[in-house]
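Enquirer: Following full-length UniProt numbering, the numbering of the sequence shown begins with 1 at its first residue and continues without gaps. Cβ atoms here follow ideal geometry from the backbone N, Cα and C, with glycine treated the same way. One structure follows; several queries about it will come next.
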Amino acid sequence: MASNLIDLNRETSVIAYHDGGEIQFLTKPDPSNLAIRFTLRVDATNAISEIVIPIRYKDNNWAASAIAIRINPSSITSLTYSTERQPPDAVKEVPPTAICLHLQLDKSISTLIPIFIKEPVIAARRRSGKILDFLYELSQITNLRIYISNSAALSSGKLTSSERPSLNNSWKCSMAQTTTSLECSAAAPKQRPFLH
Numbered sequence: 001m002a003s004n005l006i007d008l009n010r011e012t013s014v015i016a017y018h019d020g021g022e023i024q025f026l027t028k029p030d031p032s033n034l035a036i037r038f039t040l041r042v043d044a045t046n047a048i049s050e051i052v053i054p055i056r057y058k059d060n061n062w063a064a065s066a067i068a069i070r071i072n073p074s075s076i077t078s079l080t081y082s083t084e085r086q087p088p089d090a091v092k093e094v095p096p097t098a099i100c101l102h103l104q105l106d107k108s109i110s111t112l113i114p115i116f117i118k119e120p121v122i123a124a125r126r127r128s129g130k131i132l133d134f135l136y137e138l139s140q141i142t143n144l145r146i147y148i149s150n151s152a153a154l155s156s157g158k159l160t161s162s163e164r165p166s167l168n169n170s171w172k173c174s175m176a177q178t179t180t181s182l183e184c185s186a187a188a189p190k191q192r193p194f195l196h
C-alpha cells in the first residue's frame, strides 16, 4: 500500500472565503457542540478532499445530520498554506496556532446531502439556515480557506517536504518546507461528477 503524501483525517476546522474584500467565516456547525471536519489525503495515485458540516434538516429534525463539501482535485489550480500565529478571532475553534490552507479553484465546489432529504433543502433551525446561506455563497466563488490546528497538521509527519509523481502524472503534489508553501497541480482523468 502506498504511503500518504498528505494525511489529514477529520481535523477540526474553520472555513472561510473572500467576499468583496472581506473574509466570511463558518466556525460552528449545528449543533454547535460538534465540529466541522476536514479530510485531505494525497498519495502517489489518489487524492480526496472533503469537509463535513453537521447540520439539522427540516426533513430530519429529530437528529443531527450533515452536509459534505467535495473538492475535485482536478479543479485545484493553487494550494498554499501559511502559519497563523495570531489567527483571527473567528478561528479560535482550532487553537492555539492555526495553519491556513489557501485553495484556488477553476470550478465551484460540490455539495452532497443525504438521499432522504427532499429538495429544496430546508433547514430546521436558524443556525442551520445560516450554514446553508454560507454554502450557497461559497458555491459562487472559487477561493477557499481552511483553518486547521497547527499541531494536528504537523503531527506524525502529515505535512512534510516531499515530491512524488503519480500514475500517468495525473496528480502531482510538492511541499516546500522552507517557504511553508504547498503547491499542487492537477490534471486528473475525468471523474464521475458529484451529485448535489
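Which residues does DSSP pair with Phe25 in a beta bridge?
Expert: The partner list for Phe25 (beta bridge, DSSP) reads Ala16.
Enquirer: Nearest-angstrom Cα distance between Leu135 and Leu40?
Expert: Cα-Cα distance, rounded: 19 Å.
Enquirer: Whose C-beta lies closer than 6 Å to the C-beta of Cys100 among residues of the same chain, with five residues either side of it excluded?
Expert: Hits under 6 Å: Ser82, Glu84, Arg145 and Tyr147.
Enquirer: If Arg56 sits next to Asp30, beta carbons under 8 Å apart, how far is it from one beta carbon to the other, in whole angstroms?
Expert: Yes, they are in contact, since the Cβ atoms of Arg56 and Asp30 sit about 5 Å apart, within 8 Å.
Enquirer: So the candidates are Ser74, Ile122, Ser149 and Asn143; which of them puts its Cα closest to the Cα of Gly20?
Expert: Cα-wise, what sits closest to Gly20 is Asn143.
Enquirer: Can you grab the Cα-Cα spacing for the pair Val94 / Lys118, in whole Å?
Expert: Rounded to whole angstroms, Val94 to Lys118 spans 33 Å at the Cα level.
Enquirer: Is it true that the CB of Ile109 sits closer than 7 Å to the CB of Ile69?
Expert: It is a contact, given that the beta carbons lie within the stated cut-off.
Enquirer: If Ala66 sits next to Ile53, beta carbons under 8 Å apart, how far is it from one beta carbon to the other, in whole angstroms?
Expert: Ala66 to Ile53, Cβ: 6 Å. Contact.
Enquirer: Would you kindly work out how many angstroms separate the C-alpha atoms of Asp133 and Ser13, rounded to a whole number?
Expert: For Asp133 and Ser13, the distance between alpha carbons rounds to 19 Å.
Enquirer: Report the rounded CA-to-CA distance for Lys92 versus Arg125, giving the unit in angstroms.
Expert: The alpha-carbon atoms of Lys92 and Arg125 are separated by roughly 24 Å.
Enquirer: Residues bridged to Ser32 by DSSP?
Expert: The partner list for Ser32 (beta bridge, DSSP) is empty, contrary to what the question assumes.
Enquirer: Beta carbon of Thr77, beta carbon of Asp59: below 7 Å?
Expert: In this structure, Asp59 does not lie closer than 7 Å to Thr77 by Cβ.
Enquirer: Grouping DSSP H, G and I as helix and E and B as strand, with all else coil, what is Arg125?
Expert: It is coil, neither helix nor strand.
Enquirer: Can you tell me which of the three DSSP states Ala90 falls into?
Expert: DSSP places Ala90 in helix when its eight states are reduced to three.
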